Amino acid sequence: EPARKKVDPAEEKQRAGAFQANMQGTNAFWQLVGVHFLGCVGHAIVIIYIIPIAVAAGVNMVSASGILGTLMAVSVLTRFLTPVVADYLGAKRAMATMFVLQGLPVLMLFWTQELWQFYLFAVIFGIGYGGEGSAFPIINRQYFGRGPMGRSFGWQQAGAGTGMAVGGWIGGVLYLIFGSYDITVILSVLASMGGAALILSMPPTAKLLIPNWEDASPSDVPPARTQPIASSD
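The working numbering puts the first residue of the sequence shown at 25, with every later residue one more than the last.
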């Protein structure tokens, strides 16, 4: 196999810049930032406040901690399974389903009082929470191909981090204002369902959104083989 031509670092940087500019020039890219934000607001509220919510319902602290542990354990399974499902059913469909499974079960907290009910909630919510984020790399590849997307994906992670911060903070503020977690629970549901709606409003993933991005990169830089990833969306 012949040795590959060495690429000048400046040209490679220009090529990465061309990809970044094209990727960030699409609505889908910024929609994914919003999806990250909404999803993380939705589950950050539950992660931070499920223990005080359970304690307020009469569950002892140790058992309440077990609810959070169960939620996290279940989420590990769907973190591995969701990317597989996304390859077969399409990332949009898989992600929207997981966002709904993260959002609607939170309504159970309005009437959940018994310990077994909290554990049932933890299992159902854990399925959605674990699968909610693990298909993002797939949908990025389906939309944008196989370019150097590290910096651009960092923008999406910034949306996620901001969502985690907002979700973790806002629940305490709302509790101080209203004296209960009811509004916080509603906000979690609305954030997750808003994320699902935003995902479904995005373009189909069967076609690359920036197939000709390399036209803006230096002509003597070897092009990457950007191929669309099959999807049923």
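Heads up, the beta-carbon is just placed ideally off N, CA and C, and yes, glycines get one too.
Please read all numbers here as calculations on a predicted model, not as lab measurements.
Given a threshold of 16 other Cβ atoms within 10 Å of its Cβ, counted over all protein chains shown, does residue i qualify as buried or as exposed?
i	result
Gln44	buried
Asn46	buried
Gly93	exposed
Val197	exposed
Ala254	Note that Ala254 scores a pLDDT of 49, beneath 50, so its modelled location is shaky; the value from the coordinates is reported in the next line. Classification of Ala254: exposed, given that the 10 Å Cβ count is below 16.
Phe104	exposed
Val65	buried
Leu200	exposed
Glu25	Residue placement at Glu25 is poorly supported in this model, since its pLDDT is 47, which falls under 50; the coordinates are not used for a value here.
Could you tell me whether the Cβ atoms of residue i and residue j are closer together than 8 Å?
i	j	result
Phe61	Thr186	yes
Phe160	Gln180	yes
Phe123	Gly152	yes
Gly157	Gly63	yes
Gly191	Ala68	yes
Asp111	Ile163	no
Met188	Gly127	no
Trp237	Gly171	yes
Enumerate in chain order the residues of its own chain whose CB-to-CB distance from residue i is below 7 Å, with the five nearest sequence positions on each side excluded.
i	result
Tyr73	Gly195, Tyr205 and Thr208
Leu233	Thr50, Ala52, Tyr167, Phe168 and Pro227
Met85	Val79
Val70	Val130, Phe149 and Ser212
Ile223	Val59, Lys116, Met119, Ala120 and Phe123
Ser87	Leu139
Can you find the residues in the same chain that come closer than 8 Å, C-beta to C-beta, to residue i, ignoring five residues on each side of it along the sequence?
i	result
Gly82	Gln137
Gln48	Trp54, Ser176 and Trp179
Met132	Gln141, Leu144, Phe145 and Ile148
Ile75	Met85, Ala88, Ser89, Ile91 and Leu92
Please list, in chain order, all residues of the same chain as residue i whose beta carbon is under 6 Å from its beta carbon, the five residues on each side excluded.
i	result
Gly183	Val57, His60 and Phe61
Arg249	Since pLDDT at Arg249 reaches only 46, below the 50 mark, its modelled position is unreliable, and no value is offered.
Val109	Ala118
Thr102	Ile151, Gly154 and Gly155
Leu125	Ile151 and Gly152
Cα separation between residue i and residue j?
i	j	result
Ser176	Pro107	20 Å
Arg39	Pro33	10 Å
Met119	Val98	17 Å
Ile77	Lys116	32 Å
Thr121	Ile210	19 Å
Ser89	Gln141	14 Å
Ala215	Gly41	33 Å
Leu139	Glu36	57 Å
Met96	Ala220	21 Å
Gly114	Thr229	7 Å
Ser225	Pro235	21 Å
Trp193	Val100	25 Å
- Query: Which ranges would you report for the alpha helix (DSSP H) in the segment 115-166 if only whole runs of at least 4 residues count?
  - Reply: 115-127 and 139-156
- Of all the alpha helix (DSSP H) runs that stay within the bounds of the segment 159-204, which reach a length of 4 or more residues? 160-168 and 174-202
- Task: Please specify which runs of the beta strand (DSSP E), each continuous and at least 3 residues long, are wholly inside the segment 56-97, giving them in chain order.
- Result: none
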